[in-house]
Amino acid sequence: MASKRIIGALFVAFLLIGTMGAYLTAALRPPAIQIALVDEKGRPLTEISKDVEVQVQIDALVPTREVYRTVFYGDLKKPSRLKFWDSGNTVRIPLSDEKLQSVLKEWRRAYPEGIGSSLMISVWVLDYENGKLYRGFAVVNYNTSKIAKGLKKTVKINIHRLPSSSLKASTKNGDVTPLGSNRQFYYWKTDWDLSWSSSNYVEVPVLIVDNKYSDSGVVNAWVDISKSYYTRFGLTVAYGYKISEKDTPSLDIYGNDFYTIENKFYFSRSLLLAPDEKGYIYIYAKPYHLHQKEYYCTASLNNCVPTGEERVQEGINNVSVSGNEILGGSRSGLPDSIIMNQIYSGTDMSYAATLGVGDSKSLALLISDASGSCSADFGIGIPIGALAVVLSGGAVPPWAAGLSAGIYYTSSSSLNIYGGIQNYGEWNGVGQDVSEYIYVGTSTYTYHVGTCDTHVPVGIYIESN
Numbered sequence: 240m241a242s243k244r245i246i247g248a249l250f251v252a253f254l255l256i257g258t259m260g261a262y263l264t265a266a267l268r269p270p271a272i273q274i275a276l277v278d279e280k281g282r283p284l285t286e287i288s289k290d291v292e293v294q295v296q297i298d299a300l301v302p303t304r305e306v307y308r309t310v311f312y313g314d315l316k317k318p319s320r321l322k323f324w325d326s327g328n329t330v331r332i333p334l335s336d337e338k339l340q341s342v343l344k345e346w347r348r349a350y351p352e353g354i355g356s357s358l359m360i361s362v363w364v365l366d367y368e369n370g371k372l373y374r375g376f377a378v379v380n381y382n383t384s385k386i387a388k389g390l391k392k393t394v395k396i397n398i399h400r401l402p403s404s405s406l407k408a409s410t411k412n413g414d415v416t417p418l419g420s421n422r423q424f425y426y427w428k429t430d431w432d433l434s435w436s437s438s439n440y441v442e443v444p445v446l447i448v449d450n451k452y453s454d455s456g457v458v459n460a461w462v463d464i465s466k467s468y469y470t471r472f473g474l475t476v477a478y479g480y481k482i483s484e485k486d487t488p489s490l491d492i493y494g495n496d497f498y499t500i501e502n503k504f505y506f507s508r509s510l511l512l513a514p515d516e517k518g519y520i521y522i523y524a525k526p527y528h529l530h531q532k533e534y535y536c537t538a539s540l541n542n543c544v545p546t547g548e549e550r551v552q553e554g555i556n557n558v559s560v561s562g563n564e565i566l567g568g569s570r571s572g573l574p575d576s577i578i579m580n581q582i583y584s585g586t587d588m589s590y591a592a593t594l595g596v597g598d599s600k601s602l603a604l605l606i607s608d609a610s611g612s613c614s615a616d617f618g619i620g621i622p623i624g625a626l627a628v629v630l631s632g633g634a635v636p637p638w639a640a641g642l643s644a645g646i647y648y649t650s651s652s653s654l655n656i657y658g659g660i661q662n663y664g665e666w667n668g669v670g671q672d673v674s675e676y677i678y679v680g681t682s683t684y685t686y687h688v689g690t691c692d693t694h695v696p697v698g699i700y701i702e703s704n
């Protein structure tokens, strides 16, 4: 009996020493980005079956034409029973990592005071027990000036919203790394022959208004971005199979659940349009359209074949500012006719409201009335797809014209957009006291926005008549 008590006491002591050692090791580690990956139900991805491996690729946004740099590629596995304190589901990137430091250096150069930036996380869950491959993605945001002490987040990834596939039998061997081994692994890579990003700031229309007919009233339209809130530039991600081989691909599009950059910006511009006048408000920014292909690789990135799975990312990775003011302006007329033709081709006009003389309505309500409340959560649509089709020199195909990314602000209680339109009727002898029928241009594509499927604004392009 005594010997059993001694063995039991030794075992407990061993556990305590191991646990204390684990805590001490964690406490003494230098600052790092630590991301625990769980599924939509909160289970660690390494726990979804008895025999599972999670391959992870993390790409960090940069404010340059490169758009992303890969700062992590590796795998997560369920640890041995001796490491009972470790679920094995956490990615750790030391702050001292050279690739990560190169990213932070780019942001410090562009925004010395700091800005909210993002990491694109792509995962492949290899369930050997059931012979299934699950894909997933998420975006983690961080502030470039506050990251010095590290970052610790638990990130939910819905591994069931993208189609699963059968697992290749030869996948399980060796250690995963793109730098060499016998390992088979999956990888997302940008195809720059089908992509576009801007090296310089370009005019990005955020509100386009056409007071279309001569028997209209005078119309006032405006956009206001308040420094009281954090303004977010949304990221749109579209998935599909062999998108690049189709003239009109089927796309599974996600918007508003994530964003690329965030800051307390401010911006204010307005338009006053007489009958039969047109105008637009724009900001200077660097938009991008990335066409990425999934590859199945053996040993290194030099030995890969495409799987047919592809995705498109639409976003903004840099905004021209003076202090915290976004630089931009307003112009009479419409944007270049080539750009407008692409906006027309990617949108449908939806009735939003009738404004009597003196009536006004916010952009949020106009969008909501045109295509549903979830569209308002998407924010002001930026016509990145249309810009990319025109400015890429033919690299981006016409079907991308209907793709858009949103701008919106967030407070502790709401997501919203800013601006509106008002019917002045006859004003200083110009125009007539008549009602205005307002139509909003919405994307021809259906987007997943939060829990809804909806048609989001592109532009925002408004017709008044």
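Per the numbering used here, the very first residue in the sequence shown carries number 240; after that it's consecutive.
C-beta: ideal position from N, C-alpha, C; glycine also.
Using a 10 angstroms sphere on the CB of K485, the tally of other CB atoms stays under 16, which defines it as exposed. Between the C-alpha atoms of S509 and E516 there is a straight-line separation of about 14 Å. Residue I482 holds the alpha-carbon nearest to the alpha-carbon of L490 among N556, I482 and F497. Of all alpha-carbon atoms in T383, V362, D366 and G389, the one lying nearest the alpha-carbon of A377 is that of V362. For the 8 Å CB-CB criterion, P514 and S455 form a contact. In this structure V462 is in contact with I520, their Cβ atoms being roughly 5 Å apart against a cut-off of 8 Å. Within the region 520–602, the complete beta strand (DSSP E) runs of at least 3 residues fall at 543–558, 567–571, 586–594 and 599–601. The Cβ atoms of P696 and T681 sit closer than 8 Å to each other. With respect to G518, S571 sits close: the two C-beta atoms are nearer than 8 Å.
DSSP places K392 inside the beta strand (DSSP E), whose first and last residues are L390 to I396. Under the criterion of beta carbons closer than 8 Å, P622 and P444 qualify as touching, at roughly 6 Å. The shortest CA-to-CA distance from L446 to any of Y478, Y686, A627 and S601 is the one to S601. In the structure shown, I482 falls within a helical segment according to DSSP collapsed to helix, strand and coil. T475 is classed as buried because its beta carbon has at least 16 other beta carbons within 10 Å across all chains shown.
Residue environment analysis places I398 among the buried positions, since at least 16 neighbouring C-beta atoms fall within 10 angstroms of its C-beta.
For the pair G670 and L604, the Cα-to-Cα distance works out to about 25 Å. Where R508 is concerned, there is no enclosing alpha helix (DSSP H), although the beta strand (DSSP E) around it starts and stops at F506 to L512.
At least 8 Å separates the beta-carbon of V277 from that of V364.
About 15 Å separates the CB atoms of S607 and S599; that is not less than 8 Å, and the two are not in contact. In this structure the region 631–639 does not touch the region 554–569; the number of beta carbon pairs closer than 8 Å is below three. Residue environment for N328: buried (at least 16 other C-beta atoms within 10 angstroms of its C-beta). In this structure, the CA atom of V306 is about 12 Å from the CA atom of H530. N667 counts as exposed, since fewer than 16 other C-beta atoms from the protein chains shown sit within 10 angstroms of its C-beta. Taking C-beta atoms as the reference points, Y686 and G389 fail to come closer than 8 Å. Taking each of K338, D575, G375 and M579 in turn and checking the Cα distance to V295, the smallest one comes out for G375. The continuous alpha helix (DSSP H) containing R348 extends over residues E337 to A349.
For S357, the enclosing beta strand (DSSP E) stretches over residues G355 to D366. In this structure N439 is exposed. Its beta-carbon is surrounded by fewer than 16 other beta-carbon atoms within 10 angstroms. DSSP places D449 inside the beta strand (DSSP E), whose first and last residues are V441 to N450.
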